[in-house]
Amino acid sequence: MRNALTVDVEDYFQVQAFAGQIGERDWDGLPHRVERNTNKVMDLFAENGVKATFFTLGWVAERYPALLRRMAAEGHEIASHGFRHRRVGDMTHAQFRDDTRHTKALLEDLSGTAVNGYRAASFSIDARTLWAHDVLAEEGHTYSSSIYPIAHDIYGMPGGERFSHRAGTGALIEVPVSTVALLGKRLPCGGGGYFRLLPYAWSRWAWRRVNGRDGQPAMFYFHPWEIDPDQPRQHGAPLRSRVRHYSRLSAMEGKIRRALRDFEWDRMDRVFLDG
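The numbering used here puts the first residue of the sequence shown at -3, with every later residue one more than the last.
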């Protein structure tokens, strides 16, 4: 079974965990590593002959348009991650619409390809922001991957559907981050920090269970900064944030290589929209 391989293209200083220490006005003055890291990710995918979906911040695309051109030239799907990594609930309906429209147009202009997908910053579509699905559809998106149906202190919609479904008025498909059902509980297995921190055997078992018992494709995501153990440290951030962000960065690339060998991967649109 083909599974969906996705990358959230943002730099190390744009994560929600450091929002209390690093403001948007500081971003341009910090060392940027997203171009180098994203090119390294594309090299890794090329070595393994896989295509992926890159949910890209407009802020990154505006500064590094060559990344968009390379993604398009190598056959990857380009999708929107919003412009400045702002959570949906931190914007009014009008602000969200403007952000969505502006980012989609920018990514399409820079890449020369249609942008159909959207992923909210920090998976911030939840029970309070379901209105965003209809805005996305109205602005020309055909799918979203913005809900993580688990309980978490930063994001999550524990009661949400586990698999792809029609959202809002039905014009948009929502593809939640993968979870596995075990002993009456719903456990995360979609990637990111969980993939980095837990043994690879857990993710492999969970994805096989999703493919086999559930008969569904898995959806895996990670960030370019997760394969960069030499990135600058934010020593003033809370301990929990530092542990989440920096733990096992040096192991991440090797684990991704194992995942690319063990499973079939493709772009989001071809896994969830084709047919």
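Where a beta carbon is used, it is the ideal one built from N, C-alpha and C, also for glycine.
These numbers were taken from a predicted model, which means no experiment stands behind them.
Alpha-carbon to alpha-carbon, residue j and residue i
i: Lys47; j: Phe218; result: 14 Å
i: Leu53; j: Arg204; result: 31 Å
i: Pro61; j: Lys181; result: 43 Å
i: Val131; j: Phe50; result: 21 Å
i: Trp55; j: Gly78; result: 8 Å
i: Arg263; j: Ala69; result: 14 Å
i: Trp23; j: Glu249; result: 26 Å
i: Val247; j: Thr165; result: It should be pointed out that residue 247 corresponds to Ala in this sequence rather than to Val. Cα to Cα, the separation comes out at about 42 Å.
i: Phe191; j: His241; result: 12 Å
i: Arg244; j: Arg236; result: 14 Å
i: Glu43; j: Met215; result: 21 Å
i: Gly136; j: Glu170; result: 14 Å
i: Asp265; j: Arg254; result: 23 Å
i: Trp127; j: Leu26; result: 35 Å
Chain-order list of residues whose beta-carbon lies under 7 Å from that of residue i (same chain, five-residue window excluded)
i: Val111; result: Ile74, Ala75, Ser76, Lys100, Leu103 and Glu104
i: His28; result: Asp7
i: Gly85; result: Ser120, Arg124 and Thr125
Cβ distance (whole Å) where residue i is taken to contact residue j below 8 Å
i: Ala0; j: Phe268; result: 7 Å
i: Arg(-2); j: Trp261; result: 7 Å
i: Val37; j: Val3; result: 6 Å
i: Ala233; j: Phe14; result: 5 Å
i: Thr109; j: Ile146; result: About 32 Å separates the two Cβ atoms, so there is no contact after all.
i: Glu20; j: Arg115; result: 19 Å between Cβ atoms; not a contact.
Neighbourhood of residue i by C-beta, 6 Å cutoff - its chain only, sequence neighbours within 5 removed
i: Thr138; result: Asn112
i: Phe159; result: Gln212
i: Ile18; result: Phe9
i: Asn207; result: Met(-3)
i: Ile223; result: Met248 and Glu249
i: Lys272; result: Any property of residue 272 remains undetermined from this structure, which presents the chain solely from -3 to 271.
Own chain, CB closer than 8 Å to residue i, minus 5 neighbours either side, in chain order
i: Phe119; result: Ser142, Ile143, Tyr144, Tyr151, Gly152 and Val173
Note down, one range per segment and in chain order, each alpha helix (DSSP H) of at least 4 residues found wholly within the segment 104 to 140.
127 to 134
Where in the segment 196 to 268 do unbroken runs of the alpha helix (DSSP H), each at least 4 residues long, occur, reported from the N-terminal end onward?
196 to 208, 235 to 242, 245 to 258 and 264 to 268
Which residue spans inside the segment 38 to 73 form an unbroken beta strand (DSSP E) run of at least 3?
49 to 52
Measuring CB atoms only, is the segment 55 to 70 touching the segment 83 to 98, in the sense that at least three cross pairs come out at less than 8 Å?
no
Using 8 Å as the cut-off, can you tell me whether the segment 137 to 151 makes contact with the segment 198 to 213, which would need three or more C-beta pairs spanning the two stretches below that distance?
no
Would you list, in sequence order, the uninterrupted beta strand (DSSP E) runs of no fewer than 3 residues that lie entirely inside the segment 155 to 190?
161 to 163, 168 to 170, 175 to 178 and 181 to 184
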